[in-house]
Amino acid sequence: MDVATLKDLQQDATLAKRQYMELCRQGQIFDARNRIIGGDPQAWDVQVREQKIKEATEKARQETFGEHF
1144 MDVATLKDLQ QDATLAKRQY MELCRQGQIF DARNRIIGGD PQAWDVQVRE
1194 QKIKEATEKA RQETFGEHF
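Positions in the sequence shown are counted from 1; adding 1143 to them yields my numbering.
Here it is as C-alpha coordinates:
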(Lines of atoms letter the chains of each structure in order from A and count residues from 1; the text may use other names and numbers.)
(Lines give C-alpha, C1' and ligand atoms only; values in the text may rest on other atoms or scores of the structure.)
Protein backbone atom coordinates (compact mmCIF):
# COMPACT_ATOMS: atom_id res chain seq x y z
CA MET A 1 0.00 0.00 0.00
CA ASP A 2 1.49 3.31 -1.11
CA VAL A 3 0.97 6.44 0.91
CA ALA A 4 0.92 9.77 -0.91
CA THR A 5 3.08 12.28 0.88
CA LEU A 6 2.83 16.03 0.63
CA LYS A 7 5.91 16.07 -1.60
CA ASP A 8 4.32 13.53 -3.97
CA LEU A 9 1.16 15.62 -4.21
CA GLN A 10 3.19 18.76 -4.92
CA GLN A 11 5.15 16.99 -7.65
CA ASP A 12 1.92 15.68 -9.20
CA ALA A 13 0.39 19.16 -9.13
CA THR A 14 3.52 20.67 -10.69
CA LEU A 15 3.56 18.03 -13.42
CA ALA A 16 -0.16 18.50 -14.15
CA LYS A 17 0.31 22.28 -14.37
CA ARG A 18 3.28 21.86 -16.72
CA GLN A 19 1.31 19.48 -18.96
CA TYR A 20 -1.66 21.87 -19.03
CA MET A 21 0.56 24.82 -19.94
CA GLU A 22 2.17 22.77 -22.72
CA LEU A 23 -1.24 21.86 -24.14
CA CYS A 24 -2.27 25.53 -24.08
CA ARG A 25 0.96 26.52 -25.81
CA GLN A 26 0.48 23.87 -28.49
CA GLY A 27 -3.07 25.07 -29.02
CA GLN A 28 -1.80 28.58 -29.70
CA ILE A 29 1.06 27.50 -31.93
CA PHE A 30 -0.66 24.87 -34.05
CA ASP A 31 -3.98 26.69 -34.52
CA ALA A 32 -3.30 28.38 -37.85
CA ARG A 33 -6.51 30.37 -37.70
CA ASN A 34 -5.68 32.16 -34.48
CA ARG A 35 -1.89 32.08 -34.60
CA ILE A 36 -0.31 35.47 -34.47
CA ILE A 37 3.38 35.06 -33.75
CA GLY A 38 5.59 37.90 -34.85
CA GLY A 39 2.80 39.39 -36.93
CA ASP A 40 1.07 42.73 -36.98
CA PRO A 41 -2.72 42.28 -37.19
CA GLN A 42 -3.36 45.98 -37.78
CA ALA A 43 -0.99 46.03 -40.75
CA TRP A 44 -2.69 42.92 -42.13
CA ASP A 45 -6.09 44.62 -41.82
CA VAL A 46 -4.77 47.64 -43.72
CA GLN A 47 -3.39 45.40 -46.45
CA VAL A 48 -6.69 43.55 -46.76
CA ARG A 49 -8.63 46.82 -47.03
CA GLU A 50 -6.22 48.15 -49.65
CA GLN A 51 -6.52 44.93 -51.65
CA LYS A 52 -10.33 45.08 -51.54
CA ILE A 53 -10.28 48.70 -52.71
CA LYS A 54 -7.90 47.78 -55.52
CA GLU A 55 -10.12 44.87 -56.59
CA ALA A 56 -13.27 47.02 -56.50
CA THR A 57 -11.56 49.72 -58.56
CA GLU A 58 -10.35 47.18 -61.10
CA LYS A 59 -13.81 45.62 -61.32
CA ALA A 60 -15.44 49.01 -61.91
CA ARG A 61 -12.82 49.80 -64.52
CA GLN A 62 -13.48 46.51 -66.34
CA GLU A 63 -17.23 47.12 -66.27
CA THR A 64 -16.77 50.65 -67.64
CA PHE A 65 -14.47 49.60 -70.46
CA GLY A 66 -16.55 46.49 -71.13
CA GLU A 67 -19.58 48.66 -71.89
CA HIS A 68 -17.68 50.73 -74.46
CA PHE A 69 -16.09 47.83 -76.30
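Using N, Cα and C, we set each Cβ at its ideal position, and we do this for glycine too.
On a predicted model such as this, the values are computed, not experimentally measured, just so you know.
What's the C-alpha gap between residue i and residue j?
i, j, result
"Q1162", "Q1185", "33 Å"
"D1155", "D1145", "15 Å"
"R1141", "D1174", "Lying outside 1144 to 1212, the shown extent of the chain, residue 1141 is not represented and no answer is given."
"G1170", "D1188", "24 Å"
"L1152", "M1164", "18 Å"
"T1148", "L1166", "27 Å"
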